[in-house]
Amino acid sequence: MKKSVALFLTLSLTLAFSGSVLAEEDTEATTEAVTEAVTEAASEETTEGTSEAAKSAEEKSEGVMTYAEYMDAELDTEVVIETYVQAKQSWWTDSETGKEQATFYTQDRDGAYFVYNLECSEEDYEKMVPGTKIKVTGYKAEWSGEVEIMDGTFEFVEGGDEYIAPAVDVTELLGTDELLDYQNQHVEFKGLTVEAQQDAEGNEVAFLYNYDGSGTDGDDLYFNVSLNGETYTFTVESYLCDNTTDVYNAVEELQVGDVIDAEGFLYWYEGVNPHITSVTVAE
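Number 364 marks the last residue of the sequence shown (the numbering used here); no jumps.
Here is the structure:
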C-alpha cells in the first residue's frame, strides 16, 4: 500500500511540476523522469516481494523448531530442526558400537547449528552436499562453550529448497559479547595481523601443528591473529580442510606480521575459535 501511494505521489508531482514550471522543457525529458520513477518504485516492490518469499521459504514443518525456539531450549533436551548442510567435517564408524556417524556445519536463514555425531551411513554422507536440506532430531548440548546438536538422527527433506549461507563480516564484533549471536555461522574477518607463537624449540613461528606444536603436517593448524590490540586463536580443522586444501597450504605459508582476510565457521572452544576455510594475504 505504501509503495502504491508513493508511486501515485511521484507521478502526480512530476506531471504537475512539468506542467507549471517546466512547460517549455522537452516532453521527452519529462517522460523519461516519469518512467524512471515508475521503474524505481516497481523495483522496490519486487525486492520487497522477494524478501517476503525468502521468509516464507524458511517456515518450518509441523513439530520443527524455529532457530529462536532452538536457542531457547534447555541443554540436554530433545530438539527437532530443519537446516541446510554447509560443510562436512568427518564420517566414521564407532569401533565400540559399530554406529556410523558424521559431523556437519549447517545453517538456515536465521542461524546455524553444529551437528555432532549424527547417525549417518556412508552412502548418505556422500549425498550431503552443501545446500542439502535435512531434518535433524537430537539433543542440545554444550562443550567448552560450543552449543551443538549431538547423538541425533536425520532425514532428507524431500522437495526441499537449497540454501548456501553467505559469509557475514563479523570483524568489528571480535572481543564483544554480540559475537556469540553468530556462533557456528559462516563468517569472515578482514584486516587481521598474524602474530608470533613459539614452537617446541622456542622459535617464533606463524602457526603450529596442533595447539601445542606437538603435531606434524596433516594435523590441525593453529595460528594467532590480532585486531585492536587483542589476540585470537584460529584453527584449520584437518578433518574439515586437510593438508591437500588451499587454506591448509596458505596457512603453512603465512609469515608473522602478514595482514590477512579469513573466512570460515564460527566455532567456539573456551572462547571464539573459528574453523577457517579460506585465508587471503592482503596485498
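Glycine included, each C-beta is placed from N, C-alpha and C at the ideal position.
In this text, all values refer to a predicted model and were calculated from it rather than measured experimentally.
| query | result |
| --- | --- |
| In chain order, what are the residue ranges of uninterrupted beta strand (DSSP E) at least 3 long that sit wholly in the stretch 215-242? | 227-237 |
| Quick check on the burial criterion: 16 or more other C-beta atoms within 10 angstroms. Buried or exposed for residue 358? | buried |
| Just how far apart, CA to CA, sit residue 336 and residue 288? | 9 Å |
| So what does DSSP say about residue 250, is it helix, strand or coil? | strand |
| Under 9 Å between the Cβ atoms of residue 250 and residue 238? | no |
| So for residue 347, helix, strand or coil by DSSP? | coil |
| Below 8 Å on the Cβ atoms is my guess for residue 220 versus residue 160; work out the distance and round it to an integer in Å. | 7 Å |
| List the whole-angstrom C-beta distance separating residue 242 from residue 208, where the pair is believed to meet the contact cut-off of C-beta under 8 Å. | Contact flag wrong, Cβ pair sits at about 16 Å. |
| For residue 176, which residues in the same chain have their Cβ closer than 6 Å to its Cβ, ignoring the five residues on either side in sequence? | none |
| Using the C-alpha atoms, what's the distance from residue 143 back to residue 299? | 44 Å |
| Does DSSP classify residue 180 as helix, strand or coil? | coil |
| Where do the N-terminal and C-terminal ends of the alpha helix (DSSP H) with residue 330 fall, by residue? | 327-333 |
| Please report how far the alpha carbon of residue 168 lies from the alpha carbon of residue 264, in whole angstroms. | 15 Å |
| Does the Cβ of residue 256 have 16 or more other Cβ atoms within 10 Å, making it buried, or fewer, making it exposed? | exposed |
| Can you check DSSP and say which residues form a bridge with residue 169? | 185 |
| Run through the DSSP bridge pairs and tell me what residue 368 is partnered with. | It is not possible to answer for residue 368, since the shown part of the chain is limited to 82 through 364. |
| Within a Cβ cutoff of 6 Å, which residues of the same chain sit near residue 216, ignoring the five residues on either side of it in sequence? | 163, 236 and 238 |
| If we call anything under 9 Å between Cβ atoms a contact, is residue 314 one with residue 292? | yes |
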